[in-house]
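Note sheet for the following structure.
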Amino acid sequence: MTTYYRSRDVLITDEVFIVRGPAPARLHRIADLTSVGMVRATTPGFAGGPTVALGTGAAAAASWPVIGSTVALSAGMALAVGVGVTAAALRRRRGPSWELHATVRGIDVVLYTNPDGQTFRQVTRALVRALEAAAPTPPPFELAGH
Numbered sequence: 001m002t003t004y005y006r007s008r009d010v011l012i013t014d015e016v017f018i019v020r021g022p023a024p025a026r027l028h029r030i031a032d033l034t035s036v037g038m039v040r041a042t043t044p045g046f047a048g049g050p051t052v053a054l055g056t057g058a059a060a061a062a063s064w065p066v067i068g069s070t071v072a073l074s075a076g077m078a079l080a081v082g083v084g085v086t087a088a089a090l091r092r093r094r095g096p097s098w099e100l101h102a103t104v105r106g107i108d109v110v111l112y113t114n115p116d117g118q119t120f121r122q123v124t125r126a127l128v129r130a131l132e133a134a135a136p137t138p139p140p141f142e143l144a145g146h
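Going by full-length UniProt numbering, the sequence shown opens with residue 1, and the numbers climb by one from there.
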């Protein structure tokens with residue numbers, strides 16, 4: 001068995017493509033993979049966070065004369081700050097990631113996802129090599145008239 005790529009998360013041989021992670025391992029036979037392709041996807045984040053934070057703070061400030069409670073105003077402002085900090089953290093984590101897609105026995109699946117371009121390219125190249133090795137070899141040329 002030839003190993004094309006091995007890491008803590010992925011194993012690619014001439015027979016299987018295995019992805020390990022927090023979820024149960026996913027195993028696909030190389031012979032079952034068709035229509036393999038790459039997709040650049042963006043991870044969704046909470047883009048409206050700063051707007052929600054400002055709205056929460058404004059609502060807390062506007063309701064203070066009606067409620068008349070300093071505690072309620074403080075709680076509203078703390079909530080606004082918390083929403084703003086959370087939104088900023090989520091926005092920082094958002095970014096492009098790469099995905100390998102394929103058809104496995106007629107079902108479209110995501111084989112592998114990684115935001116690190118270098119690792120993704122290494123896995124992709126290893127999969128291409130495994131697919132090339134598994135492809136049937138063309139018949140040898142025959143000379144005409146022999």
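Note that beta-carbon positions come from the ideal geometry of N, C-alpha and C, so glycine has one too.
- By the beta-carbon neighbour count (other beta carbons within 10 angstroms, threshold 16), T2 is exposed.
- Annotation: G37 to A130 spans about 14 Å, alpha carbon to alpha carbon.
- In the DSSP assignment, T2 falls outside any alpha helix (DSSP H) and carries neither an H nor an E.
- Boundaries of the beta strand (DSSP E) around R29: 26 to 29.
- Beta-bridge analysis with DSSP links A41 to S97.
- Between D32 and V104, the alpha-carbon positions lie close to 5 Å from each other.
- If you draw a straight line from the Cα of G117 to the Cα of R40, it is about 10 Å long.
- Put simply, the backbone Cα of A102 is about 13 Å away from that of R26.
- Membership of E132 in the alpha helix (DSSP H) is indicated by the continuous run 117 to 134.
- With distances taken between CA atoms, V110 lies nearest to T34 out of R8, Y5, T34.
- In this structure, D14 is the residue among D9, D14, S7, R6 with its C-alpha nearest to the C-alpha of P136.
- Distance from A134 to I12 at the Cβ level is roughly 11 Å; contact not present, criterion being Cβ atoms closer than 8 Å.
- Going by C-alpha positions, N114 is about 29 Å away from G82.
- Counting other Cβ atoms within 10 Å of its Cβ, T70 stays below 16 and is therefore classed as exposed.
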